[in-house]
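Reminder that position 65 of the sequence shown reads as 65 in the UniProt record's numbering, one-by-one numbering, no gaps.
Just so you know, even glycine gets a beta-carbon here, dropped at the ideal spot from N, CA and C.
See structure below.
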Amino acid sequence: MAAPASARETFISGTSPAAALVTRRAARLNDLIDQIAVGQALSRHQRVASIKALLIHGTQPLGGLEDADFPVEQCLGYGPLARDLTDGCGANEAVVLFAGTIGANQEQDLEFPLPDGLNIREAKRVEATLAWLSPINWRHRQYRRAALQFVKPSGPILDLGTPVGLSKDTANRGATNNSAPILAD
């Protein structure tokens, strides 16, 4: 906050208020992770990536920028914090947190049972947020030693349709992904 020019004027600029709000939310998420990971040993990196994923999963995309000529999430972030996942989630949803380590040339399959109520024939929505930490290579101009790619699963898995909202390039760039819903018939 800048010093006021007179007794009636104040001026606020920058992202300082947002940084304080996000830090507070991250601290609450850290406490939540302690509660739900009882008996599980999370590494520091897994904890940080988990907090990052839960923060981003609770954001709301900025409206009106769907057709922008630039990568919105890289320039403007993922949007304002819209949901506080430390307060729980709705009766018609579940938030699943998976923390682990994937080595070079490894894959990780995550399978979750779907509730019985999803056997109706209409569009369903699955939202996923993925966050990871890449080791730093200070000798390379791109600084990162690891990369992550999304591949279409094969085998006896239902075809969920086409993901909406993120291109393959966007999904393979950066260290977080907050995907748009995947619709299925």
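- Bridge pairing for T59: L81 [DSSP].
- In this structure, H45 is the residue among D109, Q108, H45 with its C-alpha nearest to the C-alpha of S134.
- Of the residues T129, I136, R139, the one whose Cα lies closest to the Cα of P61 is T129.
- The Cβ atoms of T59 and L85 lie no closer than 7 Å to each other.
- In this structure, I33 and R24 do not form a Cβ contact; the two beta carbons are roughly 15 Å apart against a cut-off of 8 Å.
- DSSP, read as helix, strand or coil, puts I120 in coil.
- Comparing alpha carbon positions, the residue from A99, G63, V38, D69 closest to L54 is A99.
- As the crow flies, the alpha-carbon of A94 is around 30 Å from that of A104.
- I136 carries a strand assignment under DSSP once its states are collapsed to helix, strand and coil.
- If you check the CB distance, A131 and A41 do not come in under 7 Å.
- Residue nearest to Q35 within the set A20, L114, G88, V22 is G88 (criterion: CA-CA distance).
- In this structure, the straight-line span from the alpha carbon of G77 to that of A18 is close to 12 Å.
- Looking only at D67, G63, P71, V22, the smallest Cα-Cα distance to I51 is reached by V22.
- Of the other Cβ atoms in all chains shown, 16 or more fall within 10 Å of the Cβ of I56; this residue is therefore buried.
- In the three-state scheme derived from DSSP, where H, G and I count as helix and E and B as strand, L130 is classed as strand.
- For L29, the number of other beta carbons within 10 angstroms of its own is at least 16, and it is reported as buried.
- T101 sits in coil when the DSSP states are folded into three classes, being neither helix nor strand.
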